[in-house]
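With the working numbering, the residue at position 10 of the sequence shown is -4, and numbering never jumps. Using N, Cα and C, we set each Cβ at its ideal position, and we do this for glycine too. Just below is one structure, and these are the notes that go with it.
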Amino acid sequence: MKYKVIVRPEAEDDLKEAFSWYEDKRKGLGYDFLFVNRNPEIHPMEYKGTRKHVIKRFPYKIIYLVEEEKIIILAVIHGKRKLDLTKKRIDRI
């Protein structure tokens, strides 16, 4: 199934921050971060139906929802950050 990816504004800010940090370390590395391949329904449901994809090559987690033919990216957070901030974002939806 082909999904339309929607990135919420807060997640877009997260992604830009992560991209910039990796791109500063090694040119092109930020693009590797953006194009991590994932199958959205492979990850189990967690808090309020969200799913979490842990990126193996980078210390980041992608928190998202799958709704019909859409993937809604809610957060892209560093693996060491607490999920409290993410839960607050989810609760606002």
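For tyrosine 46, the three-state secondary structure derived from DSSP is strand. In this structure, the beta-carbon distance from tyrosine 46 to histidine 29 does not fall below 7 angstroms. If you check the CB distance, glutamate 55 and tyrosine -11 come in under 7 angstroms. In terms of Cα proximity to glutamate 27, the closest of Arg12, Lys13, Ile49 is Ile49.
DSSP places isoleucine 76 in no beta strand (DSSP E) but in the uninterrupted alpha helix (DSSP H) bounded by 70 to 77. Leucine 51 sits away from threonine 72, with the two beta carbons spaced by 7 angstroms or more.
The three-state secondary structure of lysine 11, taken from DSSP, is helix. About 6 angstroms separates the beta carbons of arginine 75 and alanine 61, which is inside the 8 angstroms limit, making them a contact pair. In terms of Cβ geometry, valine -7 and isoleucine 57 do not form a close pair [threshold 7 angstroms].
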